[in-house]
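**Student:** Provided herewith is a single structure, encoded as structure tokens, for subsequent inquiry.
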Amino acid sequence: MCEVNAYLRKGNDETLIMEKVYKLETSEGQIRIENLFGEQKFIKVPLKEIHFDENRMIFVEPNNTP
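Going letter by letter, the sequence shown gives residues 1 to 66 in my numbering.
Below, the structure is given as structure tokens:
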């Protein structure tokens, strides 16, 4: 089984959102992630990239500057 850690990138900073994510679903403008322990979170920012070799997925907070 392949699990990845999910991070939120804001500018140059990354914050861990969830460890050991094994399931990702999209629905109605949001993404639901679930880990091996049954915990789930709903993400409303875009998924930018997934690095399977590094076990990472990165969501990016949109830049709020004009």
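We treat Cβ as the ideally placed atom computed from N, Cα and C, and that holds for glycine.
Taking the alpha-carbon of Pro46 as reference, which of Thr26, Glu39, Gly38 and Phe37 has the nearest alpha-carbon?
**Tutor:** The candidate whose alpha carbon is nearest that of Pro46 is Thr26.
**Student:** How is the beta strand (DSSP E) around Phe42 delimited, first residue to last?
**Tutor:** That run of the beta strand (DSSP E) goes Gln40 to Ile43.
**Student:** Looking at C-alpha atoms only, which residue of Lys48, Phe59, Glu19 and Asn63 is the closest neighbour of Cys2?
**Tutor:** Cα-wise, what sits closest to Cys2 is Glu19.
**Student:** Here's the rule: buried if 16 or more other CB atoms are within 10 angstroms of the residue's CB, otherwise exposed. What is Phe37?
**Tutor:** Flag for Phe37 reads exposed.
**Student:** Give me the Cα-Cα distance between Asn35 and Phe52, rounded to the nearest whole angstrom.
**Tutor:** Cα to Cα, the separation comes out at about 16 Å.
**Student:** I'd like to confirm the pairing. Which residues does DSSP put opposite Tyr7 in its beta bridges?
**Tutor:** BP columns for Tyr7 point to Leu16 and Ile58.
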